[in-house]
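Chains as they are written, first to last, in full-length UniProt numbering: chain A, 1 to 367; chain B, 1 to 434.
Just so it is clear, CB atoms sit at the ideal spot from N, CA and C, and this is done for glycine as well.
This report concerns only the one structure given below.
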Amino acid sequence: CRSLAARLGPVCLDAASFSRRRLSFGPQFVYTPESADKSLGETSRMNLFQAVTSALDNTLANDPSAVVFGEDVAFGGVFRCTVGLKDKYGKDRVFNTPLSEQGIVGFAIGHAVAGATTVAEIQFGDYIFPAFDQIANEASKYRYRSGNHFNCGSLTVRAPIGAVGHGALYHSQSPEGFFAHLPGIKVVIPRGPIQAKGLLLACINDPDPCFYFEPKILYRSAVEDVPVNGYVLPIGKAEVLIEGSDVTLIGYGTQVHVLREVARLAQSELGVSCELIDMRTILPFDEETVYASVCKTGRCLIAHEAPLTGGFGAELAASVQEHCFLNLEAPVRRVAGHDTPFPHIFENFYLPHQRRCLAAIKDLIGY
Amino acid sequence: RLRQSLLGRLPGLSNARRLLSAPPSGMPPDDEKPMFPGSRSSFTTQLDFIHPENFEGIPVYRLVNRRGDLVDGAPEPTLAGNKDLCLQVYETMLQLNIMDKILYDSQRQGRISFYMTSFGEEGIVANAAALNPNDLVFCQYRESGVLMQRGMELERFMDQCYSNDSDMNRGRQMPVHYGSKDHSFVTVSSPLATQMPQASGAAYAFKRMQNGLCVVCYFGDGSASEGDAHAALNFAATLDCPVMFVCRNNGYAISTPTSDQYRGDGIAIRGPAFGIPTVRVDGNDVFALYEVTQQARQLCLTEMRPTLIEMMTYRLGHHSTSDDSSAYRSVDELSFWDREDNPIIRMRKFLTKRGWWSDEQETATKQAIRKRVLQKFAQAEKRLKPNPMEMFSDVWARMPPRLRQQMEDTRRHLEAETSHYPELKNYKPIADVE
């Protein structure tokens, strides 16, 4: 860059000022790999998208009715989640659909109603909205409205969500809040490869239609030794990742890793002991684990990328204050994306990063 | 060489490789045939817009005319060769019509909350008669005739309309939202056209199951405008799904006439645009309908692809009990279809001319049907509504703790405040459910 600057003359900024101004478009956290239960057997090094492929591979191998489809799924998918599956299982089981989210989800619901295991992919969570009628008015209500004569329980819809560094309005959204409001479906968000495979397999095997949102920033950056065989992790159960005594931190997906950092900084900078909970399932959410933790610590910080108002944090906050009121030392706090569309160049000021969360913890402690 | 080496690295482009590097003799030069991906046609130097108004509409297939006579030159209809089936279809249409009259009136009397009739469209019974009873049916809401033809008992219709304890939907849905697993009839939902891509998906599953069945999907002229309708047709065609789409074009979507609904040649013209074999049929001619349905089913299953049937008909009744159609259509228009051209009157004329039916049989049959319907109606009206706690089951396959808490809170509230809920005496006793 320095020699280029010299050749271009005074018009180009000097290299030093260039590097000062260089913005980071990457993840703002360090991924801490976890290890799988030994009882699950042989493992293989996989990133998150490979863990997804592995789950789909296990499913297609063991369930002859299972199919996987969506836009660009056949060649391997834009996030490589379905690489190799068409060649292995055939194009009648792993296939492209026309470009229509309402068609994809509607088709998927019908396929499930016929009794077959169905895994549909929506290319970006940002594009799930054309399918919202099928999800809200059909999938979630199928069993209820038919007096259990019919259901689409064998349906799983997968979509990548969340900040990726440069996605802006339409490649960064976290839509889980909209889906939390639909009794009849399940909403699941994994934090890493081992979690991803087990939770996806649980969704596929679940008797209710499941919406499985994959944090896209973790597709490549999260790498673990993942069991090669099939296994399930529980839906509807949150997980306490760090035990602590002063503040309960609640998050899901990518935010769990940000909060890990926050817990570390809270200890080193403030001497505060944080308990970290990964919700894992947004709907139906694990009340017991959350209330037990907040009743113990007395302080609660909820963080999510999705905008603040009406976000899932609002439901958690309302429920926590209702059930833990007398144990609270401070109001329940939420640190979330601002009430704006997801911006491009302002991403670092938009997201609920470590410093914003830490500032909220200071408020909680000093209340 | 560079071109060849590039093509060599891209599998599946062997055709292009042959065309671009072939010797001059034996192959057309590249400006004679369009080579765009998927191109099927030829080049032209004639600049002509396709003006849709220059095309005569797709013809309407019909075998028996309004006077009940086989049209000159028409082949003997398959259905007409089966007297028993003809009479069964006719009586089922009569039963549908009579049940509709009684239930419509019961809504006006405040006995049920809502109703939709099938007046003028009873011919759908003939369409159902040509299906396999296990073909999975997805419908809109004006297809009770299909369920009746498949043998669902009269009282089930009324139990659903009354939302009583025998309702298949457990009291959860508005009237006419029928469904029955035993009759392969997927439960009706109010949103329009949502069933259409679902039908495509179910058909795909049936294809993979190799069960020899097809899926049948009913929808109206209005629903055909929805995005879901287009997605459904496109998916069915591209994914080779054995689904028979049947459009009931009855001229109206509530008050909106078809002239406000579309500008093209109805719904039939859209089929070929999506690559789907299509036919337009006189929906008030049960013989034509039966024929068309048989053929469409055959096509679906032998070629493993969708078909589209547009059945032209007329909605004699109001859209629903919440509608008064005199606000938007003339008495003259209505009385023409009522007197001259509806499935019941046209089949009656044919049967009578064949000597298979008479005025006496008409009177006697209608009386018997009416008596039967009224009897079932009275029974349905007396039944209690379901246990209110059934409001909480079947949301998820297993009730989660949070919902269970809501159920228990509701039960306790109702038990504590029973005097403020006098309607509880019309319900089964309150009891927690799973």
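query	result
Out of curiosity, what's the CA-to-CA distance linking Ala336(A) and Pro352(A)?	5 Å
How big is the Cα-Cα spacing for Ser42(B) and Pro272(B)?	19 Å
Please confirm if the segment 37–55 of chain B is in contact with the segment 305–321 of chain B, defined as three or more CB-CB distances below 8 Å between the two stretches.	no
Kindly indicate if chain B contains any beta-carbon less than 7 Å away from that of Glu108(A).	Note that residue 108(A) corresponds to Ala in the displayed sequence, not to Glu. True, the Cβ-Cβ gap to chain B drops below 7 Å.
Which same chain residues, not among the five before or five after Phe95(A), have their C-beta less than 6 Å away from its C-beta?	Phe69 and Ala74
Considering only C-alpha positions, which residue in the set Ser166(B), Gln173(B) and Gly68(B) is nearest to Ser113(B)?	Gln173(B)
Would the segment 236–247 of chain B and the segment 185–200 of chain B be scored as touching if the rule is three or more Cβ pairs under 8 Å?	yes
How many Å lie between Arg334(A) and Ala317(A) at the Cα?	8 Å
Going by DSSP, name the residue or residues bridged to Ala253(B).	Thr256(B)
If you follow the beta strand (DSSP E) that Cys152(A) is in, where does it begin and where does it stop?	Segment: none, Cys152(A) is in no beta strand (DSSP E) and carries neither H nor E.
Any idea if Thr309(A) is buried or exposed, counting beta-carbon neighbours within 10 angstroms, 16 or more meaning buried?	exposed
Taking only beta-carbon atoms, is Met391(B) less than 7 Å away from chain A?	no
Does DSSP put Ala120(A) in a helix, in a strand, or in coil?	strand
Tell me the rounded alpha-carbon separation between Val320(A) and Tyr141(B).	43 Å
Using three-state DSSP, classify Ile242(A) as helix, strand or coil.	strand
Is His304(A) helix, strand or coil by DSSP?	strand
Under a three-way DSSP split, which group does Glu34(A) fall into?	coil
Note down, in chain order, each residue of its chain lying with its Cβ closer than 7 Å to the Cβ of Glu143(B), except the 5 sequence neighbours on either side.	Ile124 and Tyr218
Please check if any C-beta of chain B sits within less than 7 Å of the C-beta of Glu138(A).	yes
Tell me the rounded alpha-carbon separation between Asp265(B) and His413(B).	58 Å
Can you grab the Cα-Cα spacing for the pair Asp126(A) / Asn348(A), in whole Å?	19 Å
Applying the 10 Å Cβ sphere with the 16-neighbour rule, what's the burial state of Arg20(A)?	Unreliable placement is indicated for Arg20(A), whose pLDDT of 46 sits below 50; the coordinate value is still reported in the next sentence. Per the 10 Å Cβ criterion, exposed.
Indicate whether at least one CB of chain B lies closer than 7 Å to the CB of His149(A).	yes
Hey, out of Gly41(A), Ser39(A), Leu48(A) and Glu42(A), whose CA is closest to Pro33(A)'s CA?	Leu48(A)
Starting from the Cα of Arg156(B), find the closest Cα among Glu381(B), Lys428(B) and Phe392(B) and give me that residue.	Glu381(B)
Taking 7 Å as the threshold (C-beta atoms), are Tyr290(B) and Gly120(B) in contact?	no
Buried or exposed: which applies to Pro429(B), given that a residue is buried once 16 or more other Cβ atoms fall within 10 Å of its Cβ?	exposed
Closest to Leu316(B) by C-alpha separation, out of Ile254(B), Met209(B) and Asp359(B), would be which residue?	Ile254(B)
Give a yes or no on whether 7 Å exceeds the smallest Cβ distance from Asn169(B) to chain A.	yes
I'd like the ranges of any beta strand (DSSP E) spanning at least 3 consecutive residues and lying wholly in the segment 348–425 of chain B.	none
Should Met152(B) be labelled buried (16 or more other beta-carbon atoms within 10 Å of its own) or exposed?	buried
Please name the residue, chosen from Arg93(A), Gly84(A), Cys81(A) and Asn148(A), that lies closest to Val113(A) on a Cα-to-Cα basis.	Asn148(A)
Please specify which runs of the beta strand (DSSP E), each continuous and at least 3 residues long, are wholly inside the segment 136–206 of chain A, giving them in chain order.	155–161 and 186–188
I'd like to know if Gln255(A) contacts chain B, where contact means its C-beta is closer than 7 Å to some C-beta of that chain.	no
Comparing the C-beta of Gln173(B) with each C-beta of chain A, is any distance below 7 Å?	yes
Out of Ala80(B), Cys161(B) and Leu131(B), state which residue places its alpha-carbon closest to the alpha-carbon of Gly110(B).	Cys161(B)
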